[in-house]
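Protein chains: 2
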Amino acid sequence: MKIGELSRATGTNVETIRYYERIGLLPEPARSAANYRSYGPDHRARLVFVRHSRELGFTIEEIRSLLDLSDDPTRDCTEADRIASAHLAQVEDKIAQLSLLRDELKRIVGRCRGGLAGDCRVIEALADHSQCESQH
Amino acid sequence: MKIGELSRATGTNVETIRYYERIGLLPEPARSAANYRSYGPDHRARLVFVRHSRELGFTIEEIRSLLDLSDDPTRDCTEADRIASAHLAQVEDKIAQLSLLRDELKRIVGRCRGGLAGDCRVIEALADHSQCESQH
DNA sequence: CTTGACCCTGTAGTTGCTACAGGGTGCATA
DNA sequence: TATGCACCCTGTAGCAACTACAGGGTCAAG
Chain S
210 MKIGELSRAT GTNVETIRYY ERIGLLPEPA RSAANYRSYG PDHRARLVFV RHSRELGFTI
270 EEIRSLLDLS DDPTRDCTEA DRIASAHLAQ VEDKIAQLSL LRDELKRIVG RCRGGLAGDC
330 RVIEALADHS QCESQH
Chain G
210 MKIGELSRAT GTNVETIRYY ERIGLLPEPA RSAANYRSYG PDHRARLVFV RHSRELGFTI
270 EEIRSLLDLS DDPTRDCTEA DRIASAHLAQ VEDKIAQLSL LRDELKRIVG RCRGGLAGDC
330 RVIEALADHS QCESQH
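Residue numbers (the working numbering), protein chains in the order written: chain S, 210 to 345; chain G, 210 to 345.
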């Protein structure tokens, strides 16, 4: 299949596929006589793996490690679990941090009475960290 | 005060202060005879405003608008409330999205029995989106 | 007089793409 | 046969919001 077909089959931008190849996440595919990239089911499966991992928020480097593991089925797989666990912890941290942030924003928003900017509670709150209840 | 003092006073990297100046978020300060930047309380207050807004996740462009409002106290301030509300909505979206993600990751993590990568449930789950319960 | 901490400008790197510019290929239609 | 259009190629530059140098100047203490 050509790059456009792979793009449609996986919901991945054509430019992104070429980018993944450039950074070595996808192997260089065979080329047609016209120098067009030609992909098979293995390429497709690998790209699906990459996209799915990206959707789950893994970084390119994490995905690289996960691909290395999956390329060598004789390796110990606790490493994969370690990467995923570390990522889960990061996501949970991020949620906690955003929740604090949301609470502060809620307190700030809606204090506006529609008056002049000079009296605006929103702007005042941004200028003065001590009005915040938490370390965000 | 010199840039290093302002840096310590606000917990902002020196390079970041110069960056804010370059993109027009902070005004160009006066210079000493040795061409050192020289800041006063107004600069400091403005930088505190910027940093606090950044900590709350506002983009530079949003901060630019908020600073414009705060620079002209006769303007209507509903705009400030609108920016903050839109940002709050974005944060809430992000939290919801990360929560889905966290749930999927939790299901994936810990399925590893410490065997070989060839049988790894973690890697398998990443390769196969259909094992997921939600659209993430 | 030298050491070290600070300051300056300008540029390049980071992450994960995305968007051209400027060209070539391949197939259907007039 | 011409020509239009969708697709493909490479290479480079842009995005956000910084961060990290390189290569130089300034200043006070010992």
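C-beta atoms are modelled at their ideal positions from N, C-alpha and C, and glycine is treated no differently.
Three-state secondary structure (DSSP) at residue i?
i, result
"Ser-247 of chain G", "strand"
"Arg-240 of chain S", "strand"
"Asp-281 of chain G", "coil"
"Leu-325 of chain S", "strand"
"Thr-221 of chain S", "coil"
"Thr-287 of chain G", "helix"
"Gly-319 of chain S", "coil"
"Leu-276 of chain G", "helix"
"Glu-405 of chain S", "Since the first and last residues shown for chain S are 210 and 345, residue 405 of chain S lies out of range."
"Leu-234 of chain G", "coil"
"Glu-261 of chain G", "Inspection of the sequence shows that residue 261 of chain G is occupied by His rather than by Glu. Of the three classes helix, strand and coil, the one that applies to His-261 of chain G here is helix, per DSSP."
"Lys-303 of chain S", "helix"
"Ser-343 of chain S", "coil"
"Gly-213 of chain S", "helix"
"Asp-312 of chain G", "helix"
How many Å lie between residue i and residue j at the Cα?
i, j, result
"Ser-274 of chain G", "Cys-329 of chain S", "14 Å"
"Leu-235 of chain S", "Lys-211 of chain S", "15 Å"
"Ala-334 of chain G", "Cys-341 of chain G", "8 Å"
"Pro-325 of chain G", "Asp-280 of chain S", "Reading off the sequence, residue 325 of chain G comes out as Leu, not Pro. Taking the straight line joining both Cα atoms gives about 12 Å."
"Gln-344 of chain S", "Asp-337 of chain G", "39 Å"
"Glu-237 of chain S", "Glu-230 of chain S", "6 Å"
"Glu-214 of chain G", "Ala-305 of chain S", "32 Å"
"Glu-271 of chain G", "Ile-292 of chain G", "7 Å"
"Val-318 of chain G", "Val-223 of chain G", "41 Å"
"Thr-287 of chain S", "Ala-295 of chain S", "12 Å"
"Arg-320 of chain G", "Glu-264 of chain S", "20 Å"
"Val-331 of chain S", "Ile-269 of chain G", "17 Å"
"Ser-241 of chain S", "His-252 of chain S", "16 Å"
"Tyr-228 of chain S", "Tyr-248 of chain S", "15 Å"
"Ser-262 of chain S", "Ala-239 of chain S", "25 Å"
"Gly-327 of chain G", "Ile-226 of chain S", "26 Å"
Got a sec: is the Cβ-Cβ distance from residue i to anything in chain G below 8 Å?
i, result
"Ser-279 of chain S", "yes"
"Asp-290 of chain S", "yes"
"Ala-218 of chain S", "no"
"Arg-284 of chain S", "yes"
"Gly-324 of chain S", "yes"
"Ala-336 of chain S", "yes"
"Leu-275 of chain S", "yes"
"Gly-327 of chain S", "yes"
Please confirm whether residue i has its beta-carbon closer than 8 Å to some beta-carbon of chain S.
i, result
"His-252 of chain G", "no"
"Glu-271 of chain G", "no"
"Leu-235 of chain G", "no"
"Arg-263 of chain G", "no"
"Thr-287 of chain G", "yes"
"Tyr-343 of chain G", "The sequence shown places Ser at residue 343 of chain G, not Tyr. No, because no Cβ of chain S sits closer than 8 Å to the Cβ of Ser-343 of chain G."
"Gly-213 of chain G", "no"
"Gly-266 of chain G", "yes"
"Ser-294 of chain G", "yes"
contact_flag[the segment 309-325 of chain S, the segment 291-303 of chain G] where n(CB pairs < 8 Å) is 3 or more
yes
Looking at C-beta atoms only, is the number of pairs between the segment 246-263 of chain S and the segment 211-220 of chain S that lie closer than 8 Å three or more?
Contact holds: three or more Cβ-Cβ distances are below 8 Å.
Contact residues within the segment 302-314 of chain G, judged by C-beta distance below 9 Å to chain S:
Lys-303, Ile-304, Leu-307, Ser-308, Leu-310, Arg-311, Glu-313, Leu-314
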